[in-house]
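Undergrad: Residue numbers for the sequence shown follow this note's numbering, beginning at 1 and rising by one. Glycine residues also receive a C-beta, built at the ideal position from the N, C-alpha and C atoms.
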Amino acid sequence: MDLSAGDADHVFRKTVRQFLDTHLTPTLRRAGQRMTSIFADFDAAMAWHRILYEHNWITPDWPEEYGGIGWTLNQRDIFLEECRMAGAPALLPMGLAMLGPMLIRYGGEQQKAELLPRIRSGEDVWCQGYSEPNAGSDLASLQTRAVADGDDYVVNGAKIWTSYAHRANKIFCLVRTDPGARPQAGISFLLIDLDAPGITVSPIVGIDGEVEQCEVFFDDVRVPRANLVGTENQGWEVAKYLLEFERGGLSYFVPINQQLARLRKLAAEYTSPGGSCYLDEPLFAARLGRLEIDALALQAMEQRIKSQAAAGQNPGALSSLTKLIGTELGQQLDELGIELRGRYCAPLQNAALAPDFVGEPIGPESGIALTNAYLNNRASTIYGGTAQVQRNIIAKLVLGL
């Protein structure tokens, strides 16, 4: 498939830029520019969500019959790239990019009719209940139980590292419905209201001083059996399909390219111990050049996945490649940015990262998010499947080892 930009794509890019110039307020731009993880400031993200929804630009990846826009792959890529480069805050992915596409394939007609419009409007904010205190990378060992009782399931257990559970009103969960079956065969996929009696959400303060992750406890929580997605004990199949979108459904190259642009700007502003601009230091320039080459390789891999998607194929195991390369490359860029920032890396300036912050930050404003981003991004090679797990998947399903 030819993914090069044609005249229509250039016109579309101009349309997107005009839209962003009109609707991205200074506060929303600051929220996007000061992101230190895959999440933006929650209020800013939801404000941007509502703007896109009002103009029917919220779900470009969905089929048109469920609220999609009908954009081509190139147009979707252009939109994502222009949003990031303009400083638009990232949208919460759990409903739009993960649960929505999964429901379109596995959800019942009533589930799709009720839930998909609420995901698009932002009325429902979803979080993901997969990992448990003793079941992270080995997800098949999860122990949260769902026992059938009349028209309900009764759920007991705990989930951990649940992103934005303290902001969400619903959670999609993997639960064990057949403890006697082999690990993967006894799991089901449930949709649960977080305001149901028996649920406790406990926020976890990260090393960067922010709350993004939570632990969620279930104590005799009654969940209607109508909230089962797919069939009972089909949860492993459903979860694997959803993980393809978590790991490879989002572009890593666009934020990586933005990160590279920020580093080049910082390198032009900062002076090395020898007194010269960092861009003029041969060792630094060589390191930056190698990372730029790796970024181009990542872009080529994502183009390959897009070509397959255009042919009606799912990303499959290739999503593990983009997840692995994208997260490790992002961490290397973080480390290079920390070196550039030098002594100004020491203070955490969480208050200065707020979109509505008024005051003087410590050190050049262009680098105030680097320390928090470095600390937060240490987890990127763990969540969504660890780097080691991704290498196992690649070895087995891509290389045939």
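(1) Let's test the definition: count the other Cβ atoms within 10 Å of the Cβ of K14 and tell me whether it reaches 16, buried, or not, exposed.
(2) If the criterion is Cβ atoms closer than 7 Å, does the pair L28 and A86 meet it?
(3) Does DSSP put R167 in a helix, in a strand, or in coil?
(4) Distance, Cα to Cα, I152 vs R225?
(5) I think Q258 touches L324, with their Cβ atoms under 8 Å apart; what is that distance to the nearest whole Å?
(6) Check whether the Cβ atoms of A88 and G32 sit closer than 7 Å, and answer yes or no.
(7) Who are the Cβ neighbours of G198 in its own chain at under 7 Å, not counting the five residues just before and after it?
(8) Is the CB-CB distance between G337 and L298 below 7 Å?
(9) Go ahead and label N134 buried or exposed: buried means 16 or more other beta carbons lie within 10 angstroms of its beta carbon, across all protein chains shown.
(10) Going by the beta-carbon positions, is the gap between K112 and L99 smaller than 7 Å?
(11) Using 7 Å as the threshold, is the C-beta distance between I187 and C173 below it?
(12) Out of V398, L228, D77, D9, state which residue places its alpha-carbon closest to the alpha-carbon of P255.
(13) So, R120 versus G67, is the Cβ gap smaller than 7 Å?
(14) Three or more C-beta pairs closer than 8 Å, one from the segment 154-167 and one from the segment 201-220: is that the case here?
(15) According to the Cβ coordinates, are S37 and N376 closer than 7 Å?
(16) Using the Cα positions of P361 and G289, report the straight-line distance between them to the nearest angstrom.
(17) When the Cα atoms are used, what is the spatial distance from G108 to W236?
(18) Could one say the Cβ of G32 lies closer than 7 Å to chain B's Cβ atoms, at least one of them?
(19) Which residues mark the beginning and the end of the beta strand (DSSP E) in which A158 is found?
(20) Leaving out five residues on either side along the sequence, give the residues of the same chain with a beta carbon under 7 Å from the beta carbon of L52.
(21) Ends of the alpha helix (DSSP H) at S121?
(22) Is it true that the CB of L190 sits closer than 7 Å to the CB of V175?
TA: Working from what's here:
(1) On the sequence shown, position 14 is the one that residue 14 refers to. Answer is exposed; the Cβ neighbour count stays below 16.
(2) By one-based count along the sequence shown, residue 28 stands at place 28. By one-based count along the sequence shown, residue 86 stands at place 86. For L28 and A86, no; Cβs fall outside 7 Å.
(3) In the sequence shown, counting from the first residue as 1, residue 167 sits at position 167. In the structure shown, R167 sits in coil (DSSP, three-state: anything other than H, G, I, E or B).
(4) As a position in the sequence shown, residue 152 is number 152, starting the count at 1. As a position in the sequence shown, residue 225 is number 225, starting the count at 1. Here the sequence assigns Asp to residue 152, which means Ile is not the residue at that position. In a straight line, the C-alpha of D152 is about 5 Å away from that of R225.
(5) The sequence position of residue 258 within the sequence shown is 258, counting from 1. The sequence position of residue 324 within the sequence shown is 324, counting from 1. Wrong, their Cβ atoms sit about 20 Å apart, outside the cutoff.
(6) What you label residue 88 is simply residue 88 of the sequence shown in a count that begins at 1. What you label residue 32 is simply residue 32 of the sequence shown in a count that begins at 1. Going by C-beta atoms, A88 is nearer than 7 Å to G32.
(7) Here residue 198 is taken as the residue at index 198 of the sequence shown, counted from 1. Answer for G198: F218, D219, D220, V221, listed in chain order.
(8) Taking the sequence shown and counting its residues from 1, the one referred to as residue 337 is at position 337. Taking the sequence shown and counting its residues from 1, the one referred to as residue 298 is at position 298. For G337 and L298, no; Cβs fall outside 7 Å.
(9) Position 134 of the sequence shown, counted from the start, is the residue given in the question as residue 134. Exposed: under 16 other Cβ atoms inside 10 Å.
(10) Counting from 1 along the sequence shown, the entry for residue 112 is found at position 112. Counting from 1 along the sequence shown, the entry for residue 99 is found at position 99. It is not a contact, given that the beta carbons lie outside the stated cut-off.
(11) If you number the sequence shown from 1, residue 187 lands on position 187. If you number the sequence shown from 1, residue 173 lands on position 173. No, these two residues do not count as a Cβ contact at 7 Å.
(12) Translated into positions along the sequence shown, residue 255 becomes position 255. The shortest Cα separation from P255 among V398, L228, D77, D9 belongs to D77.
(13) By one-based count along the sequence shown, residue 120 stands at place 120. By one-based count along the sequence shown, residue 67 stands at place 67. For R120 and G67, yes; Cβs fall inside 7 Å.
(14) yes
(15) Translated into positions along the sequence shown, residue 37 becomes position 37. Translated into positions along the sequence shown, residue 376 becomes position 376. Against a cut-off of 7 Å, the Cβ pair of N376 and S37 comes out as a contact.
(16) Numbered from 1 along the sequence shown, position 361 holds the residue referred to as residue 361. Numbered from 1 along the sequence shown, position 289 holds the residue referred to as residue 289. The alpha-carbon atoms of P361 and G289 are separated by roughly 30 Å.
(17) For this step, residue 108 is matched to residue 108 along the sequence shown. For this step, residue 236 is matched to residue 236 along the sequence shown. Each residue's alpha carbon lies about 17 Å from the other.
(18) Of the chains in the structure shown, none is chain B; there is only one protein chain.
(19) What you label residue 158 is simply residue 158 of the sequence shown in a count that begins at 1. That run of the beta strand (DSSP E) goes 152-159.
(20) Position 52 of the sequence shown holds residue 52. So the list reads I58, once near-sequence residues are dropped.
(21) Numbered from its first residue, the sequence shown carries residue 121 at position 121. 109-121 is the extent of the alpha helix (DSSP H) around S121.
(22) Taking the sequence shown and counting its residues from 1, one reaches residue 175 at position 175. Taking the sequence shown and counting its residues from 1, one reaches residue 190 at position 190. The answer is yes: Cβ separation under 7 Å.
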